[in-house]
Amino acid sequence: RWHPSVQERMFAGTLADPSTGKPSVYMSNSNGESGTWNIISSNSSIYGNVVCIQVHRDFPDEVWIGTDKGLWRTKDNGATWSEQLFASQINGVYQMLFKKDRNGNLMAFVTTGNLYKIENDCNNIVDLTNTFGYYSGYGSEIIGLQFAKNDENQIVVSRMGNETRHTSNDGAAWSDRYE
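Quick note: the sequence shown uses the working numbering, first residue 148, plus one each step.
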């Protein structure tokens with residue numbers, strides 16, 4: 148994952164080591180050139196296979212790691228790590244999307260099959276899944292999460308076999324099409 152605001156910074160994650168269940172997360176400040184990768188997860192409680200890594204351009208030292216087992220973050224490029232975030236709700240991450248809220252704080256949208264909004268410095272989590280309308284059975288899991296036209300105020304979410312939904316108010320309401 149290229150860092151959006153720190154030139155030449157990249158992140159990479161691995162599958163879990165079979166003997167420990169822990170993956171490795173690496174950071175390079177030299178475009179990933181050979182010999183420039185440093186492990187930043189050695190003092191973390193991260194476990195599972197790394198599925199996604201997310202950073203926001205305005206929070207250059209904050210890195211979130213999503214694995215098939217949960218969600219973790221560091222606010223200092225890996226010097227210290229959180230315990231698993233929202234372990235009772237998030238037990239496997241597919242995708243993450245970051246934006247700034249109206250107060251300039253970091254807000255995260257995380258898909259686990261469900262869609263969660265995390266805000267207030269990780270002190271609040273909201274399950275947005277039921278705001279879509281009711282779906283059941285095959286295709287009910289969320290598989291797509293992105294900004295429309297690179298606009299942080301326009302979020303598009305899709306489910307396999309179901310229509311794509313759009314929000315311009317951080318998930319308070321959803322429409323069937325992008326206006």
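Every residue gets a Cβ at the ideal spot worked out from N, C-alpha and C, and that includes glycine.
Self-check item: Neighbour-count burial assignment, Ile186, 16 or more Cβ in a 10 Å radius
Solution: exposed
Quiz item: Is the stretch 176-184 in contact with the stretch 209-221, if contact means three or more CB pairs nearer than 8 Å?
Solution: no
Practice problem: Could you tell me which residues DSSP puts in a beta bridge with Val202? | Solution: DSSP lists no partner for Val202.
Quiz item: Mapping DSSP to helix, strand and coil, what is Asn277?
Solution: Reduced to three states, the DSSP call for Asn277 is helix.
Quiz item: Terminal residues of the continuous beta strand (DSSP E) containing Gly246?
Solution: For the sequence presented, residue 246 should be read as Lys rather than Gly. Lys246 -> beta strand (DSSP E) spans Gln242 to Lys247.
Quiz prompt | Cβ shell of Leu275 (< 7 Å), same chain only, five flanking positions each side left out | solution = Contacts found: Leu262, Tyr263, Lys264 and Gly318.
Self-check item: Touch test, the stretch 224-232 against the stretch 242-253, Cβ-Cβ under 8 Å, three pairs minimum
Solution: no
Quiz item: Since Gly255 is in the beta strand (DSSP E), which residue starts that stretch and which ends it?
Solution: The sequence as given places Ala at residue 255; Gly does not occur at that position. It spans Leu253 to Thr258 - the beta strand (DSSP E) in which Ala255 sits, taken as one unbroken run.
Practice problem: To the nearest angstrom, report how far apart Asp208 and Ala159 are at their CA atoms. | Solution: 15 Å
Quiz prompt | Assigned secondary structure, Thr183 (DSSP; H/G/I helix, E/B strand, else coil) | solution = coil
Quiz item: What are the start and end residues of the beta strand (DSSP E) that includes Val303?
Solution: Asp298 to Arg306
Quiz item: Does the beta-carbon of Asn224 have 16 or more other beta-carbons within 10 angstroms, so that it is buried, or is it exposed?
Solution: buried
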